[in-house]
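Residue numbers -6 to 272, in this note's numbering, belong to the letters of the sequence shown in order.
Even for Gly, the Cβ is constructed at its ideal location relative to N, Cα and C.
This one's a predicted model, so the numbers in the text were calculated from it and none came from an experiment.
Note sheet for the following structure.
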Amino acid sequence: MGSLRGKGRRTSTAVLASGAVLTVLCGCTVQASGEEHRSPVRIELPSGTPSPKSAPPDDKPSAEPTPPAPAVLWSRGDEGRDVRELQARLRQIAWLFDGPTGTYDDLTEQAVRGFQGKRGLPKTGKTDEVTWQRLLKMTREPGKWDLYLMGGQPADAPDTRCMTGRVLCISKSSRTLRWMIDGRTVLTVPVRFGSQYTPTREGVFSVYWKSRHHVSTLYDSPMPYAMFFSGGQAVHYSSDFAATGYAGASHGCVNVRDERAIAEMFDQVRNGDKVVVHW
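Here it is, written out as structure tokens:
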């Protein structure tokens, strides 16, 4: 009987131990008996799948902001002294052959576009700050007659001797001729004078002969609309002045490059009208 009772205890103990092992392996919940309940103990086996890692931060640098386009200084249709300087500088490096006119025209736009393309700049035809600074480095400061190579310069005040009567009032300082009647300016044109070897004489004269289709007997050159005032010196139209501007000079005459204007003046001026050549 004692052996049976001992055998029974051993059997119960083995069963309980087997149950505990089975419980661990199966991952079940183990609870204490009685009214007092303890927190359940859950044992889980690893699933073999690692937890996902957080995505690495984006180390790619953000795009650089686009720099603003350079400011446009002058473009087609603009006028003024600054445009004259632009044109004079373009002439120095053979990108422009006409003018300066002081007007940003199609020829100026083409010249700027060519200059930009040659130097790897955007070919806009507009003069922006970058284009202008590049041009400044390649050219010299233009002089007064570089700016007004083909005329267009403002006339200075008329000489006091021009304020009465009918007068061709000619200024060597501003290279202009005013056709004046009783102190009123009727017409103003740019003019060119003789070279240092054949200077135009200064003083007060009068028109003594007019010749519409005159040809010089000394130089065998045309002198249309000639109005003679001192020996062989006359006010007349010059095709060379019209073509080359102040790059040339006369043999002492007063050259006019505007043929329409001098034709109009020729019809109004009379023999005996005064001519004043002054500084």
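So residue i is in the alpha helix (DSSP H); what residue range does that whole segment cover?
i, result
"residue 279", "The chain is shown from -6 up to 272; residue 279 falls before or after that span and cannot be answered."
"residue 81", "74 to 85"
"residue 237", "232 to 237"
Would you list the one or two residues that DSSP bridges to residue i?
i, result
"residue 226", "223"
"residue 248", "185, 229"
"residue 157", "Its beta-bridge partners do not exist; DSSP assigns none."
"residue 100", "Beta-bridge pairing links residue 100 to no other residue."
"residue 217", "206"
"residue 272", "DSSP lists no partner for residue 272."
"residue 243", "187"
"residue 267", "160, 199"
Hey, could you find the ends of the beta strand (DSSP E) residue i is sitting in?
i, result
"residue 198", "196 to 199"
"residue 185", "177 to 185"
"residue 59", "Careful: residue 59 lies outside any beta strand (DSSP E) and carries neither H nor E."
"residue 211", "Per DSSP, residue 211 belongs to no beta strand (DSSP E) and is neither H nor E."
"residue 169", "169 to 174"
"residue 88", "Counting along the chain, residue 88 falls outside any beta strand (DSSP E), and DSSP gives it neither H nor E."
With burial defined as no fewer than 16 other Cβ atoms inside 10 Å of the residue's Cβ, what is the status of residue i: buried or exposed?
i, result
"residue 207", "buried"
"residue 86", "exposed"
"residue 248", "buried"
"residue -2", "Model confidence at residue -2 stands at a pLDDT of 47, short of 50, so the residue's coordinates are unreliable; what they give is reported in the following sentence. Classification for residue -2: exposed."
"residue 253", "exposed"
"residue 124", "buried"
"residue 255", "buried"
"residue 212", "exposed"
"residue 191", "exposed"
Margin query: Extract the residue ranges of the alpha helix (DSSP H) inside the stretch 103 to 155, only unbroken runs of 4 or more that lie entirely within it.
Written below: 122 to 131, 137 to 140
Checklist line | Contact between the stretch 72 to 88 and the stretch 96 to 108 (3+ Cβ pairs under 8 angstroms) | finding: Enough Cβ pairs lie closer than 8 angstroms, so yes.
Check: Counting pairs of beta carbons, one from the stretch 125 to 141 and one from the stretch 150 to 160, are three or more of them closer than 8 angstroms?
Finding: no
Note to self: For the stretch 211 to 231 against the stretch 186 to 203, do three or more pairs of beta-carbon atoms, one drawn from each stretch, fall closer than 8 angstroms, so that the two count as touching?
What the structure shows: yes
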